[in-house]
Amino acid sequence: MFIRFLKLIRFSHTLFALPFAVLSAAMAWRLNVEENGGYIPRIVDIAGILLCMVFARSAAMGFNRWADQKIDAANPRTANRHIPAGMLTSKSVLVFTAACSLGFIASTLLFLPNLIPVCFSLPVLLFLFGYSFTKRWTVSAHFWLGTALMLAPLAAWVVIRPVLFPIPLPPVLLGLAVLFWTAGFDLIYACQDAETDAKQKLFSIPGKFGIPAAFRISALCHCVSTLFFAAVFWIYPPFSWIFGSAVLLVALILFAEHWFSAPRKGELPDINRINIAFFQMNVAVSVGLLLAGVIDVVI
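According to this note's numbering, the stretch in the sequence shown is residues 1186 to 1484, in order.
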């Protein structure tokens, strides 16, 4: 049963947002070291960031599967997901979502006496849940998802440097990079369901405006994202050529993602190519930037 829930929420996809939360925390820690000498982050803060990321994403994905069960059942690609296929009941998924939500809120208590994460835990959770309904009324659903992932580096920074206003530029620029990077790859992923979305009158960009338009907007998003990653490198002094080289590599990976996943002339999108581009290439982006950034701030 536990394995079914892990597959339900695609637990491996935690690797999209989690590295940026850890990277942001490392960047904030480095500034604390420069200001306070031998500053060492609290173990409970590190544990809290990891737990919050896992619980928040698990709750959001569980809620998404529960909210979309009828949409999934009507889509041949998703009809074999756990609720439509009868592998998990709707009630059990809702209980799982509630348990993960409580786990997320409880994990923010590890940050005390820093009250900022505690106070914002419920609004953040509600915002994450809101994504599940966006395709029913707005084409901005892809950017809502990007904003949800943008919260990870912002929140992690505030945990290590507990000042809410003004939040300095490095985590803001990193968050904006994550927003457009996420929206870009979600647009590519959504191309698999363009025809079904149009039939169900859902407001995805591929369903409303077509696959070529979705790929063009995705390419623009990834160009903007790369510029924001480069801006982080430029304005955060501890970063050196190591992180800068990683940003150049990310630009090449995103270019390869579009070249690899784009449908050939007269063909429909290839699901296998899209899935490879969606997961493997984007994990290389997040993990690669994390490794480069951590090496830079430690050295």
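C-beta: ideal position from N, C-alpha, C; glycine also.
query	result
Check whether the Cβ atoms of residue 1474 and residue 1204 sit closer than 8 Å, and answer yes or no.	yes
I think residue 1240 touches residue 1288, with their Cβ atoms under 8 Å apart; what is that distance to the nearest whole Å?	4 Å
Would you say residue 1322 faces chain B, with C-beta separation under 8 Å as the test?	The structure shown has no chain B; it contains just one protein chain.
Using the beta-carbon count (16 or more within 10 Å), is residue 1348 buried or exposed?	exposed
Smallest Cα separation from residue 1313: which of 1355, 1420 and 1237?	1237
Hey, is the segment 1351–1367 in contact with the segment 1332–1341, meaning 3+ C-beta pairs nearer than 8 Å?	yes
Can you tell which of 1372, 1189, 1481 and 1234 has its C-alpha closest to the C-alpha of residue 1343?	1234
To the nearest angstrom, report how far apart residue 1442 and residue 1403 are at their CA atoms.	11 Å
Pair every Cβ in the segment 1270–1278 with every Cβ in the segment 1290–1309, then say whether three or more of these pairs are closer than 8 Å.	no
Would you check if the segment 1194–1213 and the segment 1292–1302 touch, i.e. whether three or more CB-CB distances between them fall below 8 Å?	no
Would you mind stating whether residue 1264 and residue 1327 have Cβ atoms separated by less than 8 Å?	no
Helix, strand or coil for residue 1443? Go by DSSP, reduced to three states.	helix
Relative to the alpha-carbon of residue 1311, which residue among 1367, 1430, 1188 and 1330 has its alpha-carbon at the smallest distance?	1330
What's the call for residue 1293, buried or exposed, on a 16-neighbour Cβ count within 10 Å?	buried
So, is residue 1243 buried or exposed, given that buried needs 16 or more other C-beta atoms within 10 angstroms?	buried
What is the rounded straight-line gap between the Cα of residue 1251 and the Cα of residue 1395?	27 Å
Let me know the secondary structure DSSP gives residue 1198 once reduced to three states.	helix
Beta-carbon within less than 6 Å of residue 1245's beta-carbon, same chain only, minus the 5 sequence neighbours each way: which residues are those?	1313
Tell me, to the nearest whole angstrom, how far the beta carbon of residue 1377 is from that of residue 1459; I am working on the premise that it is less than 8 Å.	6 Å
Is the beta carbon of residue 1439 less than 8 Å from the beta carbon of residue 1399?	no
Under a Cβ-count criterion, where at least 16 other Cβ atoms within 10 Å of its own Cβ denotes burial, should residue 1302 be classed as buried or exposed?	buried
Residue 1362 by DSSP, collapsed to three states: which one?	helix
State yes or no: is the C-beta of residue 1379 within less than 8 Å of the C-beta of residue 1431?	no
Can you tell me which of 1280, 1256, 1437 and 1207 puts its alpha carbon nearest to the alpha carbon of residue 1317?	1256
Between which two residues does the alpha helix (DSSP H) holding residue 1250 run?	1228–1252
Which runs of the alpha helix (DSSP H) spanning at least 4 residues fall entirely within the segment 1388–1476, listed in chain order?	1390–1394, 1396–1420, 1426–1446 and 1456–1461
Looking only at its chain, what residues have a beta carbon closer than 7 Å to the beta carbon of residue 1232, apart from the 5 residues adjacent to it on each side?	1295
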